[in-house]
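Asks:
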Amino acid sequence: MRYFLVWCTAALLLFNSLQAQAPKKYSSNEIYHSIQKLNFLGTALYVAAHPDDENTRLISYFSNELKARTAYLSLTRGDGGQNLIGPELQEQLGVLRTQELLAARRVDGGEQFFTRANDFGYSKHPNETLKIWNKDQVLSDVVWVIRNFKPDVIVNRFDHRTSGTTHGHHTSSAILSTEAFDLVGNPDAYAGQLDQTEVWQPKRLFFNTSWWFYGSRENFEKADKSNMLMFDIGVYYPMKGVSNNEIASLASSQHRCQGFGRLSSRGAQEEYIELIKGDMPPNTEDLFEGIDTSWSRVKGGSEIGEILEGVENNFNFKEPVSHLPDLLRAHALITKIEDDHWREYKLAELEQIITAICGLYLEASAQEPTAYPGSRTGIDIEAVNRSEAMVMMRGVSIGNQIDLKVDKLLDNNEKTTLELDLNIPESSEYSSHYWLREPWSIGMYDVTDQALIGKPETPPSYQVVFHMTINGYKIDLDRPVVHRYSEPDKGELYRPFVVLPKATANFNDKVVVFANGAMREIPLTITAHKDSLMGEVELKYPEGWQVSNSIQTIEIPKKGGQKTVVFEVTPPASEEEGNIYPELRVNGRKINKELATINYDHIPTQSVLLESKAKVVRLNIDRSGEHIGYIVGAGDKVPESLEQIGYRVHLLTPGDIEAGSLDKYDAVVTGIRAYNVLDGLKLKQQILFDYVKQGGNLIVQYNTAGRWSPQYKDIAPYPLSLSRDRVTDEHSEVEIIAPDHPLINFPNTITEKDFEGWVQERGLYFPNNWDKAFTPILSMQDEGDSKTQGSLLVAPYGQGYYIYTGLSFFRELPAGVPGAYKLFANMLSLGKSELDNENAIKG
Ligand SMILES: [Zn+2]
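Whatever position you read off the sequence shown (first residue = 1), add 36 for our numbering.
1) Is the closest heavy atom of ligand 1 to the C-beta of residue 715 under 7 Å?
2) Any residue with its Cβ nearer than 7 Å to a heavy atom of ligand 1 should be included. What is that list in chain order?
3) Whole angstroms is fine: what's the gap from residue 324's alpha carbon to residue 207's?
4) Using DSSP with H/G/I as helix, E/B as strand and the rest coil, what is residue 860?
5) According to the neighbour-count rule (16 or more other Cβ atoms, all chains shown, within 10 Å of its Cβ), is residue 220 buried or exposed?
6) How many Å lie between residue 269 and residue 96 at the Cα?
7) Output the distance between the C-alpha atoms of residue 771 and residue 803, rounded to the nearest integer angstrom.
8) Thinking just about the alpha-carbon of each residue, which of 477, 464, 482 and 461 is nearest to the one in residue 880?
9) Scan the segment 675–740 and note each continuous alpha helix (DSSP H) run of 4 residues or more that stays entirely inside, going in chain order.
10) Distance check for residue 693 and residue 682, CA to CA, integer angstroms please.
11) Can you list, in chain order, the residues of its chain with a C-beta nearer than 8 Å to that of residue 531? Leave out the 5 residues immediately preceding and following it.
12) Of all the options 272, 297 and 277, which has the alpha carbon lying nearest to the alpha carbon of residue 26?
13) For residue 362, name the three-state secondary structure that DSSP assigns.
14) Could you tell me the alpha carbon to alpha carbon distance between residue 300 and residue 714, rounded to whole angstroms?
15) To which residues of the same chain is residue 869 closer than 7 Å at the C-beta, ignoring the five residues directly before and after it?
16) Which partner residues of residue 642 appear in the DSSP bridge assignment?
17) With a 10 Å radius around its C-beta and 16 neighbouring C-beta atoms as the bar for buried, classify residue 115 as buried or exposed.
18) Does the beta-carbon of residue 657 have 16 or more other beta-carbons within 10 angstroms, so that it is buried, or is it exposed?
19) Could you give the residue range of the beta strand (DSSP E) that holds residue 772?
20) Does residue 322 pass the burial test, meaning 16 or more other C-beta atoms within 10 Å, or should it be called exposed?
21) Just list the beta strand (DSSP E) runs in the segment 368–456, keeping only unbroken ones of 3 residues or longer that don't cross its boundaries, in chain order.
22) Figure out for me which residue from 598, 605 and 571 has the closest Cα to the Cα of residue 579.
23) Starting from residue 806, trace the beta strand (DSSP E) both ways and give me its first and last residue.
24) With three or more beta-carbon pairs closer than 8 Å as the criterion, would you say the segment 350–365 touches the segment 392–409?
25) Enumerate in chain order the residues of its own chain whose CB-to-CB distance from residue 745 is below 7 Å, with the five nearest sequence positions on each side excluded.
26) Cβ atoms of residue 801 and residue 739: under 8 Å apart, would you say?
27) Is the beta carbon of residue 153 sitting closer than 8 Å to the one on residue 480?
28) What residue range is occupied by the uninterrupted beta strand (DSSP E) comprising residue 541?
29) In terms of residue numbering, what span does the beta strand (DSSP E) encompassing residue 549 cover?
30) Apart from the five residues on each side of it in sequence, which residues of its chain come closer than 6 Å, Cβ to Cβ, to residue 288?
31) Which of the three DSSP states, helix, strand or coil, is assigned to residue 107?
32) Return the residue from the list 379, 685 and 709 that minimises the CA-CA distance to residue 700.
33) With respect to the beta strand (DSSP E) encompassing residue 166, which residues constitute its N-terminal and C-terminal limits?
34) Hey, could you find the ends of the alpha helix (DSSP H) residue 215 is sitting in?
35) Going by the CB atoms, is the gap between residue 189 and residue 109 shorter than 8 Å?
36) Using the three-state DSSP reduction, which class does residue 746 fall into: helix, strand or coil?
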């Protein structure tokens, strides 16, 4: 069947994960491994929900031991999690984790796919997950990926039968994969896809079980395993000098922003998969039993198989180029295969091998990492043949822009260089992450181009095609345009070559809170991506707001230079919120983009272009006190948020906490998970309690249960135990159960309305047991759960107050949620209503 190959262009699948990395250079061993994979025509797909869910032991085993084409389909990009290595959160974290998955796949030999599902944060049940995701769209994407990738076997990480026992995203991934298994072969299901792909039926669907799902190792030992396959995923690869499990550890250690760096392990280890759908292979060791995984699988493949199996069986490690005539013969035969899927994929694989055996190095490196529409960029071309093969470079081309005739014979180890002059048309699209181009919702990214759905990355902006003749045989080889450079402390580096706007504009704060009616200055930093940038910027703002200097001129002499302009913004008289946008006008083109650059050693540099905007929130908020001591925990933006409403926040480490040193603060706050991450903090606990006893106000934000509870019971001056209780639905009803408490009345009156507009969740790790000295203030619960009253607990202690709260202020304050600000201001003001009334600052 002929169909228009939009998605499954094998070159992209093969090289996407290599994009902008140092080009892979193959040893004889690696070439041999590639030939083994070339001769294996079986495909496996692993399915789960997040970056880090994937079992790299199994992915590596399928790819390196079984030689199968293997991929991981992660339904989300992990946008909703936390970041242990830098400031990226939400969509930027999704970009970072996408790259960490690609880095993991470069290690374990897999490929990587995604759906449009957005990781919206923790969810207790798949019913909730599949309401927030558009279930039909995510299922459609799973079907689409399967129809294009054509796996023979699918392995789910999670069990589709056990809703409620793990993250709702996890169970949903298994439910959708299982439903998709029954739909992919049905031409009536998602029929709209079929003008771009074709139906496909995988043979088997498994669940990657383990003792963990049986409660204990003993239970699992006793379990009936007649419908399970077992693999020794500790197998040793002498050709690589490492065992499968060592590769797996290295792969999962790429998930650095999640703190997944781990020790490698060696030795035999069993891994089980349980059959869910399809037939059980009678021989319980062969995943592909009954599936033809040889070249005879493909019409016209037998002759190809004979040639390539000959190469594999007689592989010449010392002189791999001696196989060139056979490989070229096989190439010519593969081009005649009617099956588009196998033809495209196997040609791309074989072309890598042919290039590798000739030691043929081809590179296209832009002289600068970024360009802008309307500019010209030099592209340095390097071509070296390091073999006795007759290699001729006939020409090079870039799209329909450049088509240069070269006609040069590449003599053994003689380097050829060329410089191309690439014109970036004024109408060029900017390089961007395709799923971030359209506005997205909490549950779904919006991607209109079906051909992009599933792909890990946007295809590179520019590719160079090298038109080669090798031993008289014509072959075209693509290379993405990259930027090669060096840094004195790191050596040679590569990054993607990207097209950026002439200038971008970033607000310093994405949310600006006006605690009262006073004017605030809002800075905007403009970065030039060209020399001699001249233009102007206008701030667009909602009705009722005032900006005294909304249009300003910009002039930045050098590319990479920055200028900060300041807008004087006055809010309306009443409480309101809206968005402000900058419009840059440069040479008649309007630009509203901000640029975030994500730069870590383990991933290629990412230039993330997003709509530039900031949220402005006008509150009427009263507060008491001024100086806050903030003990920084795992990292949160609460201090910056408190400064926005006029507090002066002093960041503290455990070393700063000495007897009497806290007296100057109106309140002391511990950052999220402070007791989990700061070993020195528990040694200072008595000083903190003494501070409270003498009239201080201590606010402890959430810590995870386990390390502190119940083993370490002294987190509070009275008994308090933490639990895993959480309320994940940010819309869940909140009841104020201590309406007369000062926390609810001073200086701001809190009502149920203040719990509207919260984001992501209500809170987490709420205490479930507390001393009677504590007053619970709020009651809340997720649908189907029982009420929890542990989200906000307050107890008088000596002259002061101790507050423990698992409410997610670390999410709500940076998002500009008015009610969360008022409640936090009341927590900070506690105890000041009688003592310090005249100091209360009125808005
Ligand atoms: Zn997960």
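Here a beta-carbon is modelled for each residue, glycine too, at the ideal position from N, C-alpha and C.
Replies: By the coordinates alone:
1) As a working note, residue 715 is residue 679 in the sequence shown. No; taking the cut-off as 7 Å, the Cβ of residue 715 has no heavy atom of ligand 1 nearer than that.
2) 84, 85, 86, 88, 89, 203, 205 and 206
3) Reading the sequence shown from its first residue, position 288 is the one you call residue 324. Reading the sequence shown from its first residue, position 171 is the one you call residue 207. Their Cα atoms are separated by approximately 26 Å.
4) Residue numbering aside, residue 860 sits at position 824 when the sequence shown is read from its first letter. Three-state DSSP puts residue 860 in a helix.
5) Mapped onto the sequence shown, residue 220 falls at position 184. Buried, since its Cβ has 16 or more Cβ neighbours within 10 Å.
6) The residue labelled residue 269 in the question sits at position 233 within the sequence shown. The residue labelled residue 96 in the question sits at position 60 within the sequence shown. Those two C-alpha atoms are separated by around 9 Å.
7) Working through the sequence shown from its first residue, we reach residue 771 at position 735. Working through the sequence shown from its first residue, we reach residue 803 at position 767. Spanning the two alpha carbons is a distance of roughly 17 Å.
8) Outside the displayed range of the chain (37 to 879) lies residue 880, so it cannot be described from this structure.
9) 710–713 and 721–729
10) One-based indexing of the sequence shown puts residue 682 at position 646. One-based indexing of the sequence shown puts residue 693 at position 657. Each residue's alpha carbon lies about 24 Å from the other.
11) Here the question's residue 531 lines up with position 495 in the sequence shown. Excluding residues within five positions, the ones whose Cβ falls inside 8 Å are 56, 405, 518, 519, 521, 640 and 641.
12) Shown here, the chain extends from 37 to 879; a query on residue 26 therefore has no answer.
13) In the sequence shown, the residue the question calls residue 362 occupies position 326. Here residue 362 sits in helix by DSSP.
14) One-based indexing of the sequence shown puts residue 300 at position 264. One-based indexing of the sequence shown puts residue 714 at position 678. Distance between the alpha carbons of residue 300 and residue 714 is about 27 Å.
15) By one-based count along the sequence shown, residue 869 stands at place 833. For residue 869, where only same-chain residues beyond five positions count, the Cβ hits under 7 Å are 778 and 782.
16) One-based indexing of the sequence shown puts residue 642 at position 606. 634, per the DSSP bridge assignment.
17) Within the sequence shown, numbered from 1, the residue matching residue 115 stands at position 79. Flag for residue 115 reads buried.
18) The residue given as residue 657 occupies position 621 in the sequence shown. With 16 or more other Cβ atoms within 10 Å, it is buried.
19) Against the sequence shown, residue 772 aligns to sequence position 736. Run containing residue 772: 770–772, per the beta strand (DSSP E) assignment.
20) As a working mapping, residue 322 is identified with position 286 in the sequence shown. The residue in question, residue 322, is exposed, as its Cβ has fewer than 16 Cβ neighbours within 10 Å.
21) 397–402, 412–420, 427–434 and 438–446
22) As a first step, residue 579 is located in the sequence shown; it is residue number 543 there, counting from the start. If we check each option's Cα against that of residue 579, 605 comes out closest.
23) In the sequence shown, counting from the first residue as 1, residue 806 sits at position 770. 799–806 is the extent of the beta strand (DSSP E) around residue 806.
24) yes
25) The residue you call residue 745 lines up with position 709 of the sequence shown. A caution first: residue 745 carries a pLDDT of 49, below 50, which makes its placement in the model unreliable, though a value can still be read off. Correct list, in chain order: 757 and 758.
26) If you number the sequence shown from 1, residue 739 lands on position 703. If you number the sequence shown from 1, residue 801 lands on position 765. For residue 739 and residue 801, yes; Cβs fall inside 8 Å.
27) As a working note, residue 153 is residue 117 in the sequence shown. As a working note, residue 480 is residue 444 in the sequence shown. A contact, by the Cβ cut-off of 8 Å.
28) Taking the sequence shown and counting its residues from 1, one reaches residue 541 at position 505. Segment 539–543, the beta strand (DSSP E) holding residue 541.
29) Translated into positions along the sequence shown, residue 549 becomes position 513. Per DSSP, residue 549 belongs to the beta strand (DSSP E) from 547–550.
30) Start at 1 with the first residue of the sequence shown, and residue 288 comes out as number 252. Excluding residues within five positions, the ones whose Cβ falls inside 6 Å are 92 and 296.
31) Working through the sequence shown from its first residue, we reach residue 107 at position 71. Residue 107: strand per DSSP, three-state reduction.
32) Locating residue 700 in the sequence shown gives position 664, where the first residue counts as 1. Closest by alpha carbon: 685.
33) Position 130 of the sequence shown, counted from the start, is the residue given in the question as residue 166. Per DSSP, residue 166 belongs to no beta strand (DSSP E); it is in the alpha helix (DSSP H), 162–168.
34) Residue numbering aside, residue 215 sits at position 179 when the sequence shown is read from its first letter. Here the alpha helix (DSSP H) through residue 215 covers 204–219.
35) Numbered from its first residue, the sequence shown carries residue 109 at position 73. Numbered from its first residue, the sequence shown carries residue 189 at position 153. Result no, Cβ atoms of residue 109 and residue 189 do not sit closer than 8 Å.
36) Counted from its first residue, the sequence shown places residue 746 at position 710. Below a pLDDT of 50, predicted positions are generally treated as unreliable, and residue 746, at 45, falls in that range; no measurement from the model is reported.
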